[in-house]
Structure formats: C-alpha cells, structure tokens
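J.:
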Amino acid sequence: MFRIAFACYLIFSTLPLIAQESVLRLYSATDISAIRPLLHEFETLNPEVTILYREFNTQELYDELLDPTLPPPDVVISSASDLQVKLVNDGFAQPIEDVPDVSSHQPWAQWSNELFGFTYEPIVFVYNKEAFHNRSIPHTHEALAEQLREQAKFYQGRIGTYDAASSGLGYLVASQDEVTFSLTGRLQESLGRARADIHCCTSLLLTRLTTGDLVFGYNLLGSYAMAKAMNNEHIGVIVPEDYALVIVRSAFVHRDAMEAELAADFIAYLRSSAGQKTIANNTALMPLDRTLGSHNDPENQLNSSTNFHPIRLGPELLLYLDQHKQTQFLNSWSQALGD
65 MFRIAFACYL IFSTLPLIAQ ESVLRLYSAT DISAIRPLLH EFETLNPEVT ILYREFNTQE
125 LYDELLDPTL PPPDVVISSA SDLQVKLVND GFAQPIEDVP DVSSHQPWAQ WSNELFGFTY
185 EPIVFVYNKE AFHNRSIPHT HEALAEQLRE QAKFYQGRIG TYDAASSGLG YLVASQDEVT
245 FSLTGRLQES LGRARADIHC CTSLLLTRLT TGDLVFGYNL LGSYAMAKAM NNEHIGVIVP
305 EDYALVIVRS AFVHRDAMEA ELAADFIAYL RSSAGQKTIA NNTALMPLDR TLGSHNDPEN
365 QLNSSTNFHP IRLGPELLLY LDQHKQTQFL NSWSQALGD
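Structure (structure tokens):
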C-alpha cells in the first residue's frame, strides 16, 4: 500500500498515516496525478518515510507561504518560476549541497544552491481537432493573431487562456510573452475582442477544450496538454514554431523545514538519473534531461527546430514582480482582455 497522504488546499486527508520515522511535507503547485509516480518511487527507496502532499495553484501556494501563522512545509514545488525566485530571494529557502546533475542539465535551471529545476515544459497551443476539421491550424503567434482578426466569428467566446490576475503561472507566461514577442499587445487585444475565456488552471481549460466548449487554448502548460492528448482523441497540441516559452518546475527546501536533510534528499532524487527517468517514462511531466525524451511527446515536438525560450531562474524574474511594474502590466492586460 502506498503511504502518500494527499490533501487539497486547506482540506487534509482523513486517511491515517502509517507510523514511520519521518514525515516529509511537500507543498506543491503540481497535480497529484502528474507527480504521483515520483512520490511512490521515493517512498519505495526510503521505506521509513511517509509523504504528506498538499496541492495548490501557483498563487495560492505563494500566498500560503507568506502567512507566518501557518506551519511550514519541508519542500516547496512550483512552476511559477518568478514566485519561486521571489521566495528564495526573500529568505524562505535554505541552501543544500551535493544535488546531482546529469550532463544535459542547463545552468539556467538552477539558482545559486537553493532553487533547483527538475522539469522542462514548453508553453503550447491546444486545439479541438473536430472544430478544426478542414480548417488551418495556427502554428505561430502571428498566425494566431491573424486568424483572430480574420475569423472572429469562429473564435468568439471559444478561445481560452490563463487568467494572469489570479494565476501565478499565468502571470509569468503573459509577462514573459511581452519580453519575447513584440506583437504581444496586439495579440492580447485580439483575445479581448474574441472574448477569451480565462481560467486559473490548465486542467479546467483542457476540460473545456475536450467538450468543445472551447476550440483553442492559448499559452497552456505543455506537459499537461500533451498528457491529455495522449489519452483523448479530441485534443491536439502545437508547440509554436516561431518561439515557445519553456518553464522549469522548481523546488527548494523551506528555511524552517522540520525534515531539512530528508527534503534535500528528495530534491536530489528529482535531479538524479533515476528521478529524471521516472519523469520521462511514468509521469505527465517532462524531464529536464533532454536526452531522455518523454512518452508524452510521441511526435517529438520538443526536438523540433522551434526556437525554444527557457525562462531562466534568477533575479531578472523579479522585474515583473515589482509592485509598480506588476500593477501596470495587469492594468494593460485587463484592458486588452476586456476584463
């Protein structure tokens, strides 16, 4: 029997913990279904350990950690790289040593000896295949902007994207789009005219794409989208050909971790050859080690000629978290989206 005690945000599992020497507390903005094989394997390798897992969305996780009255976790995991960097920069992490690295890992996926990336996940377009039968599918950001203008009726109320105001990952992707693509403002205005459906989470958008309530998803998390497409004939995924942002899911040991040594061991496992192979072969995530490929990428889109733009872990991500800059950006985003 697996010993993971899973809890949604603010709702703890009522299943009893098996008596063990150690309990590892993970706070994570990762769907339990996506990360479960990693947790199972770590417990198998460490039979004296029980994992207590709490799942949040990215912004909820950040807000939870800022509350000094709440008990701290041992490990913090999130795909919102800017919020992770902010927490580390503000002293919420502690350094750890001897974290393994495989040859294909990149320096941009680690910041100092405190924040460690362990996945490589593109930001993608997702579409409903039936809706696009006998229709051209946009493969670039510019092509999408043109279709939104030229086929306004088709897209009206049927295109979805992240809510940058309520989703930490959504804000990261939207702000990094502005850095990368000169026509981002125009594309946002086109999304507004199309009355884009905005949500906090990829899973909600993928559900609406599956049912046909939406026909197109803009800037969704590629790992979840590709995993969905593997098991659902209605879903198609496009890694944009002009450029594709890449987020790195990262982890750190909380400064007040009760099991700091065990937490460091868990992060070391995520970056180890064993952990990376499990990510590649058994999870809905994608490994940082690009030599491994991913079972969620049968068309090998991650090894295409696309211009990939990994979002580097580092202090430059703090720019868009400056209060004035963030307010300015969200005001412009809200006006463009017609919120």
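According to the working numbering, the residues represented by the sequence shown are 65 to 403, in order.
Cβ coordinates follow ideal geometry from the N, Cα and C atoms, glycine included.
#1: Please name the residue in 226, 398, 172 whose C-alpha comes closest to that of residue 18.
#2: If contacts are defined as beta-carbon pairs under 8 angstroms, then residue 116 and residue 140 qualify, I think. What distance do you get, rounded to the angstrom?
#3: Kindly indicate which residue of 389, 240, 338, 251 has the alpha-carbon position closest to the one of residue 103.
#4: Using only alpha-carbon positions, find the residue among 393, 357, 317, 334 that is nearest to residue 156.
#5: Looking at residue 381: is its Cβ nearer than 8 angstroms to the Cβ of residue 176?
#6: Our contact map puts residue 310 next to residue 188 with C-beta atoms below 8 angstroms; I'd like the distance itself, whole angstroms only.
#7: I'd like the list of long-range same chain contacts for residue 360, defined as Cβ closer than 7 angstroms, with 5 residues on each side in sequence excluded.
#8: How far does the beta strand (DSSP E) with residue 87 in it extend, from its first residue to its last?
#9: With DSSP as the reference, label residue 71 as helix, strand or coil.
#10: Please go through the same chain and pick out, in chain order, the residues whose beta-carbon is closer than 6 angstroms to the beta-carbon of residue 343, but skip the five residues on each side of it.
#11: Buried or exposed for residue 221, please, with buried defined as at least 16 other CB atoms from any protein chain shown within 10 angstroms of its CB.
#12: I believe residue 231 touches residue 123 by the beta-carbon criterion, under 8 angstroms. Please report the beta-carbon distance rounded to the nearest angstrom.
#13: Exposed or buried, what is residue 395 when buried is set at 16 or more other beta-carbons lying within 10 Å of its beta-carbon?
#14: Going by DSSP, name the residue or residues bridged to residue 7.
#15: Do residue 335 and residue 106 have their CB atoms nearer than 8 angstroms?
#16: Tell me the DSSP secondary structure of residue 396 in three-state form.
#17: Using a threshold of 8 angstroms, state whether the C-beta atoms of residue 300 and residue 261 are closer than that.
#18: Would you call residue 118 buried or exposed, if buried means 16 or more other Cβ atoms sit within 10 Å of its Cβ?
#19: For a test of the three-state rule: what should DSSP assign to residue 308, helix, strand or coil?
#20: Compute the beta-carbon to beta-carbon distance between residue 250 and residue 209, rounded to the nearest angstrom, for a pair I have assumed lies under 8 angstroms.
#21: Once you ignore the five residues that flank residue 371 on each side, which residues in its own chain have a CB closer than 6 angstroms to its CB?
#22: Curious, which full-length beta strand (DSSP E) runs of at least 3 residues does the stretch 102-165 contain?
#23: Roughly how far, in whole angstroms, is the beta-carbon of residue 179 from the beta-carbon of residue 148, given that I think they are within contact range, below 8 angstroms?
#24: Quick one, which of 277, 255, 276 has its alpha-carbon nearest residue 216's?
#25: Does the stretch 128-137 come close enough to the stretch 89-102 that 3 or more CB-CB pairs lie under 8 angstroms?
#26: Would the beta-carbon of residue 142 fall within 8 angstroms of that of residue 358?
#27: Note down, in chain order, each residue of its chain lying with its Cβ closer than 8 angstroms to the Cβ of residue 192, except the 5 sequence neighbours on either side.
#28: Between 246, 241, 392, which has its C-alpha nearest residue 186's C-alpha?
#29: Excluding sequence positions up to five away, which residues of its chain have a Cβ less than 7 angstroms from the Cβ of residue 389?
#30: Can you name, in chain order, every residue of its own chain whose Cβ lies under 6 angstroms from the Cβ of residue 374, other than the five neighbours on each side?
#31: Buried or exposed for residue 283, please, with buried defined as at least 16 other CB atoms from any protein chain shown within 10 angstroms of its CB.
T.: On the basis of the supplied data:
#1: For the chain, the structure presents residues 65 to 403; residue 18 sits outside this window and is missing.
#2: So it is not a contact: roughly 14 angstroms between Cβ atoms.
#3: 338
#4: 317
#5: no
#6: Actually they are not in contact, since the Cβ atoms of residue 310 and residue 188 sit about 10 angstroms apart, beyond 8 angstroms.
#7: 287, 290, 291, 294, 348, 350
#8: 86-92
#9: The predicted position of residue 71 is uncertain, since its pLDDT is 48 and thus under 50; no value can be drawn from it.
#10: 349, 351
#11: exposed
#12: 6 angstroms
#13: exposed
#14: With the chain covering only 65 through 403, there is no way to say anything about residue 7.
#15: no
#16: helix
#17: no
#18: buried
#19: strand
#20: 6 angstroms
#21: 307
#22: 113-119, 139-142
#23: 6 angstroms
#24: 255
#25: yes
#26: no
#27: 273, 274, 276, 278, 279, 280, 298, 299, 300
#28: 241
#29: 383
#30: 172, 310
#31: buried
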